[in-house]
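Residue numbers (our numbering): 108 to 260.
The structure appears below as structure tokens.
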Amino acid sequence: MTAGKEPGKKQGVVGTVSGEFDNPELETALRNFRESVHAWGDAVYSMPRAATASATHGVAWRRPVAWVLSLALSAGMVSFGLHERYEQQAREAIAHQREMDRQRALEQEQAREAQEELARFDTELAKVDSDIAREVPAAMDPLAHLMEDGGGK
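Here it is in structure tokens:
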């Protein structure tokens, strides 16, 4: 005889209960419990299932709404990034233009100062020339007239 097997019982059936109880109160309580479980199961399975149809409908619109919101959020993030990049390039272009304007103004100022310096130099040369021309001694005056007339023609 093997362990766990009793003579006279079916093989493969585990935990079978014989219908005989020593306690009639226990048997009545178990029968009432079994009948109430069966009645509850029949009542639950025979109920209309309207709640499951509305739950399916409620879930059906959530997924597309979630996709639409995620796409809108993604598009917003991309457009914000592109806008920031555009603004940065515009700020850099403005700064570059200001720098070019500043350098152009500096070059114009330097050119004007160089022209003023050249004009002062020319004025001083003309003054020196006129001063030298007036200071010709009287003995050299006939030679000065020859120079003015074109070299003795």
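No residue lacks a Cβ here, since even glycine has one placed at the ideal position from N, Cα and C.
For N130, three-class secondary structure by DSSP: coil
Can you tell me which of the three DSSP states E224 falls into? helix
Between the CA atoms of A182 and L176 - distance to the nearest angstrom: 10 Å
Give the straight-line distance between the Cα atoms of A200 and Q210, rounded to the nearest whole angstrom. 15 Å
Tell me the rounded alpha-carbon separation between D248 and E224. Here the C-alpha atom of D248 lies approximately 34 Å from the C-alpha atom of E224.
Where H190 and P155 are concerned, what is the direct C-alpha to C-alpha distance, given to the nearest angstrom? For H190 and P155, the distance between alpha carbons rounds to 56 Å.
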